[in-house]
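**Q** The opening residue of the sequence shown carries number 1255 in the numbering used here; numbering runs sequentially from there.
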Amino acid sequence: MIRARPLTFEPPEDLVLAFRRMGLTEASQPALLKALPFTRLLLTGLRHQEEAFLQTLPEALPAWLPGDAQARPGTGLLTGRAEQFQRLVTAARADDGGLSALASAVASALAVGVSPAVLTLGARRFEWGSRTYVMGVVNATPDSFSDGGRHAGTEATIAHGLALAEAGADLLDVGGESTRPGALPVSADEELARVLPVIEGLRARTDVPLSVDTTKAAVAREALKAGAHLINDITGFSSDADLPRVVAEAGAACCLMHIQGTPATMQQAPRYDDVVEDVLGFLEAAVARAGAAGIPRGRILVDPGIGFGKTFEHNLFLLRRLHELRVLGLPLLVGTSRKGFLGRLAGGKPASERLAATLGSVASLAALGGADVVRVHDVAESRDALAVADAIRRCEDGGTLYTR
Ligand code: 9MG
């Protein structure tokens, strides 16, 4: 499988700022935006025919630096201006020797700056690229039911969800099966008994869209009937073959997450040759399963699954290189909240003391432009951190010489 991954991601708005400071007209900008941006793509998975084509590129096309033919066959770096890349895509498409996979991989990598289509969930619109959205975590697992038994626990869980909505959550994620490392699965009946009353209670009292964190078609079917809008499957539609169809038939949205192993075993010995590439491959297969069942691309989010079958370093590397997942052209949801790698970075703090580290991760993601949605326990604090990071990232007023 050929992949083209952008080494850096420079938002086109940054170039527009320079154009404004230079006093260039609005009308001249589209042509300049095509001609100027400099792109570097890491290519992997090339076959002999693509390597032969790339080795003989004329000057009007990007420059090609091959990787080590013995140690890393099929790899290399393409560098050049946007219009040179466009010419390469056109030439590869026109070739009848089977270069279409190369053309598609490069075209997807060039589109990383294009925001995915707007998603409507219930009464809310998600305009990707306008800000970082917040998904609040609503646990309906027994450890979150305090001493008063299931009914009192359900009421407390609903009240917690409403408080998160009040604090500014854009989406609430209700889960009835623990996904923590070492956690064992529960039956569909037990999971439904935990989540359905919570979904019904929230649906009656807030218009914040509801997501349900489940891997089971039987749970999703009832949750969607009760008014949930999105299914958050931590196994990327790899556990229950009926789940994609249930989501498609309800016209619902889905979040497809990467996991290696299962929650019971995933942290025993996570291993990757190239963690970004393996996650990309898994998510591509998950998106294909969704498409085959009839879920439109515009109703799919993807998630690298921080902490799900990853070492401390895998988590950090994925966050650092998150923009590479943008080649999928889909909104990215990321969950770092209170996770173990943050505790380790903060000197061994337990989950209950990881708020500052969580806010650090959330703000870094937003500032880097990496995530469209963050899944968090502490909604009010995360909204504040994101307001700061998003405002810094999007500020365009550098003085009067930057105005049009
Ligand atoms: C249920 N759940 C726990 N952590 C998660 C994460 O990082 N992403 C998604 N989508 N779901 C998660």
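No residue lacks a Cβ here, since even glycine has one placed at the ideal position from N, Cα and C.
Just so we're clear, the structure is a prediction, and the values are computed from it rather than from any experiment.
Mapping DSSP to helix, strand and coil, what is F1307?
**A** Helix at F1307.
**Q** Expressed to the nearest angstrom, what Euclidean distance is found between the alpha-carbon atoms of D1527 and D1626?
**A** Going by the C-alpha atoms only, they are around 27 Å apart.
**Q** Measuring from the CB of L1587, is there a heavy atom of the ligand 9MG at a distance below 7 Å?
**A** Because some heavy atom of the ligand 9MG lies under 7 Å away, the Cβ of L1587 counts as near it: yes.
**Q** Is the beta carbon of G1234 within less than 7 Å of some heavy atom of the ligand 9MG?
**A** Nothing about residue 1234 can be read from this structure; the chain reaches only from 1255 to 1658.
**Q** Checking 8 Å against the spacing of the C-beta atoms, do T1469 and P1524 come in under that value?
**A** Against a cut-off of 8 Å, the Cβ pair of P1524 and T1469 comes out as no contact.
**Q** Please state whether DSSP places R1301 in a helix, a strand or coil.
**A** Coil.
**Q** Under the criterion of a Cβ to heavy atom distance below 7 Å, does C1508 qualify as lining the ligand 9MG?
**A** No, Cβ of C1508 sits at least 7 Å from all heavy atoms of the ligand 9MG.
**Q** Flag this pair as yes or no: are the beta carbons of G1552 and L1373 separated by less than 8 Å?
**A** Yes; because the gap between Cβ atoms is below 8 Å, this pair is in contact.
**Q** Could you check where the beta strand (DSSP E) with R1543 kicks off and where it finishes?
**A** Premise fails: R1543 lies in the alpha helix (DSSP H), V1529 to A1547, not in any beta strand (DSSP E).
**Q** The beta strand (DSSP E) spanning A1610 covers which residue range?
**A** That residue, A1610, is in no beta strand (DSSP E); its alpha helix (DSSP H) goes L1609 to A1621.
**Q** For the ligand 9MG, I want to know if N1569 counts as a neighbour, meaning its beta carbon is within less than 7 Å of at least one of the ligand's heavy atoms.
**A** Flag unset: Cβ of N1569 not near the ligand 9MG.
**Q** Would you decide whether E1661 is buried or exposed? Buried here means 16 or more other CB atoms lie within 10 Å of its CB.
**A** Outside the displayed range of the chain (1255 to 1658) lies residue 1661, so it cannot be described from this structure.
**Q** Please name the residue or residues paired with W1318 in a DSSP beta bridge.
**A** W1318 is bridged to L1332.
**Q** Considering only the alpha carbon of each residue, which of G1601, P1284 and Q1324 lies closest to E1267?
**A** Checked all of G1601, P1284 and Q1324; the closest Cα to E1267 is P1284.
**Q** Residues in the same chain with beta-carbon distance under 6 Å from R1608, minus the five sequence neighbours each way, listed in chain order, please.
**A** Only R1592, L1596 and G1597 meet the Cβ criterion.
**Q** Going by CA-CA distance only, name the one from P1320, A1323 and A1314 that's closest to L1342.
**A** Taking only the C-alpha atoms, the option nearest L1342 is A1314.
**Q** What are the boundary residues of the alpha helix (DSSP H) that S1465 is part of?
**A** Counting along the chain, S1465 falls outside any alpha helix (DSSP H), though it belongs to the beta strand (DSSP E) covering L1464 to D1467.
**Q** Does the distance between the C-beta of G1429 and the nearest non-hydrogen atom of the ligand 9MG fall short of 7 Å?
**A** Indeed, a heavy atom of the ligand 9MG lies less than 7 Å from the Cβ.
**Q** Can you round the beta-carbon distance between E1305 and P1320 to whole angstroms, since I take them to be within the 8 Å contact cut?
**A** Yes, they are in contact, since the Cβ atoms of E1305 and P1320 sit about 7 Å apart, within 8 Å.
**Q** Which residue wins for smallest C-alpha separation from H1577, given the options K1603, V1388, L1622 and R1647?
**A** Residue L1622 is the option with its Cα nearest to H1577.
**Q** Use the C-beta contact count for D1401: other C-beta atoms within 10 angstroms, 16 or more gives buried, fewer gives exposed.
**A** Residue placement at D1401 cannot be trusted, given a pLDDT of 49 that sits under 50; what the coordinates show is reported in the next sentence. That one is exposed.
**Q** Per DSSP, what kind of secondary structure is L1655 in: helix, strand or coil?
**A** L1655 falls in the helix class under three-state DSSP.
**Q** Report the option in G1563, L1332, R1301 and V1391 whose CA atom is closest to the CA atom of V1462.
**A** For V1462, the nearest C-alpha among the options comes from V1391.
**Q** Can M1520 be considered in contact with the ligand 9MG, in the sense that its beta carbon sits closer than 7 Å to one or more heavy atoms?
**A** Result no, Cβ not under 7 Å from the ligand 9MG.
**Q** Can you find the residues in the same chain that come closer than 7 Å, C-beta to C-beta, to T1664, ignoring five residues on each side of it along the sequence?
**A** Missing from the structure shown is residue 1664; the chain here goes from 1255 to 1658 and no further.
**Q** Have a look at D1496 and A1471 and give me their C-alpha separation to the nearest angstrom.
**A** Their backbone Cα atoms lie some 6 Å apart in a straight line.
**Q** Hey, could you find the ends of the beta strand (DSSP E) L1484 is sitting in?
**A** Its beta strand (DSSP E) spans residues L1484 to D1487.
**Q** Rounded to whole angstroms, what is the Cα-Cα separation between R1580 and A1620?
**A** So the alpha carbons of these two residues sit roughly 14 Å apart.
**Q** What three-state label does DSSP hand S1400 in the structure shown?
**A** With a pLDDT of only 45 at S1400, under the threshold of 50, the placement of this residue in the model should not be trusted, and no figure is reported.
**Q** Under three-state DSSP, which class holds D1443?
**A** In the structure shown, D1443 sits in a helix (DSSP, three-state: H, G or I).
**Q** At a threshold of 7 Å, does I1488 count as lining the ligand 9MG (C-beta to nearest heavy atom)?
**A** Checking the Cβ of I1488 against the ligand 9MG gives yes.
**Q** Take P1370 and list the residues in its own chain whose beta-carbon comes closer than 7 Å to its own, dropping the five residues that flank it on each side.
**A** Closer than 7 Å at Cβ, skipping near neighbours: W1382, G1583, L1584 and P1585.
**Q** Could you check how far apart the C-beta atoms of L1478 and G1415 are, in whole angstroms? I think they sit under 8 Å.
**A** So it is not a contact: roughly 17 Å between Cβ atoms.
**Q** Quick one: residues in its chain with C-beta nearer than 8 Å to the C-beta of Q1522, no 5 flanking neighbours on either side, listed in chain order?
**A** Excluding sequence neighbours, Q1522 sits near G1515.
**Q** Between the Cα of S1493 and those of V1388, G1352, T1411 and P1439, spot the shortest distance and give me the residue it belongs to.
**A** Considering only alpha carbons, the answer is P1439.
**Q** Is it the case that the CB of R1592 approaches a heavy atom of the ligand 9MG more closely than 7 Å?
**A** False, no ligand heavy atom lies under 7 Å from that Cβ.
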